[in-house]
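Q: One structure coming up, written as structure tokens, with questions to follow.
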Amino acid sequence: MRENVIRLQAALDMYALEDAVRAAQNLVDVVDILEVGTPLLLSAGLQAVRRIRETARDIPLVVDAKIMDGGYSAARHAFGAGADIVTVLGAAADETVAETMRAAESAGGKIMVDLINVPDPGARIRRLAGLGAHCFLLHLPSDLAVRGGQFDGPEHGAELVQYEVAVAGGLNADNLGIILPLKPQIVIVGSAIYKAHDPRAEALKIKRRLMELEG
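Numbering-wise (the numbering used here), the sequence shown opens with residue 130 and increments by one.
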């Protein structure tokens, strides 16, 4: 059964490692999940994973690797550096997704399938679920989010109930209501938190808003 609590994942989508470490230190006891964002991974590599892992202590750490190929090796290295969850693109070949899941099983971790730019997310979810995937990210690309785009996900959240669902893309305390039809378990917020004047206070504000929306 799915948990009836929406967890807040803070995405550290900056390029400077020390800025990310300071942000993580400020947020670790406020958010439910920390994420080494793709920009940070590109900038600092696996060292970013190791440093944020030290700061994250016992809360889950996501590495947004957006794996498209070389599934087993890429995921294995991310898990080896301290990741609990690694992302793979839903647009990747079935074999690549399966290989990331094999690495996750070996490491005792999890894979999150990012459905960014997948034309038919519902069909892809059903296909990958048949291969054993269980956690899916409905992702509005940041380039679209700034132009007021809408989530490209299954029309109704009912078909997602059997899976673990995360949502991301331009989310902040004021627009969280748009994700309710998707019935997510995880809400991912990046710049709205770490670019805020007081990131910690902003994260707390978002958590309060999520509690209100859950009713």
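By construction, the Cβ of each residue, glycine as well, lies at the ideal position given by its N, Cα and C atoms.
1. Please list, in chain order, all residues of the same chain as ARG136 whose beta carbon is under 7 Å from its beta carbon, the five residues on each side excluded.
2. Nearest CA to the CA of ARG180: which residue from THR167, HIS206, LYS195, ARG151?
3. So what's GLN291 in DSSP terms, helix, strand or just coil?
4. Pull up the distance between the alpha-carbon of ASP223 and that of VAL134, whole angstroms please.
5. Would LEU218 and LYS195 qualify as a contact pair, given that the criterion is a beta-carbon distance under 8 Å?
6. Helix, strand or coil, according to DSSP, for HIS268 in the structure here?
7. Just to check my reading of the structure: LEU226 and VAL242 have Cβ atoms closer than 8 Å, yes? What is that Cβ distance to the nearest angstrom?
8. Going by CA-CA distance only, name the one from ALA233, VAL157, GLY319 that's closest to GLU183.
9. LYS239 lies in the beta strand (DSSP E); which residues open and close that run?
10. Could you tell me which residues DSSP puts in a beta bridge with VAL318?
11. Just mark ILE335 as buried or exposed, buried being the case when its beta carbon has 16 or more other beta carbons within 10 Å.
12. At which residues does the alpha helix (DSSP H) containing VAL160 begin and terminate?
A: Taking the geometry as given:
1. These residues qualify, in order along the chain: ASP161, ILE162, GLN314, ILE315.
2. If we check each option's Cα against that of ARG180, ARG151 comes out closest.
3. In the structure shown, GLN291 falls within a coil segment according to DSSP collapsed to helix, strand and coil.
4. When rounded, the distance between both Cα atoms is 31 Å.
5. The criterion of a C-beta distance shorter than 8 Å is satisfied by LEU218 and LYS195.
6. In the structure shown, HIS268 sits in a strand (DSSP, three-state: E or B).
7. The question names Leu, but residue 226 in the sequence shown is Val. Yes, VAL226 and VAL242 are in contact; Cβ-Cβ is about 7 Å, under 8 Å.
8. When each option's Cα is compared against that of GLU183, the closest is VAL157.
9. Element bounds for LYS239: 239-243.
10. BP columns for VAL318 point to ALA139.
11. Under the 10 Å beta carbon count, ILE335 is surrounded by 16 or more other beta carbons and is classified as buried.
12. Under the DSSP assignment, VAL160 falls outside any alpha helix (DSSP H); it carries neither an H nor an E label.
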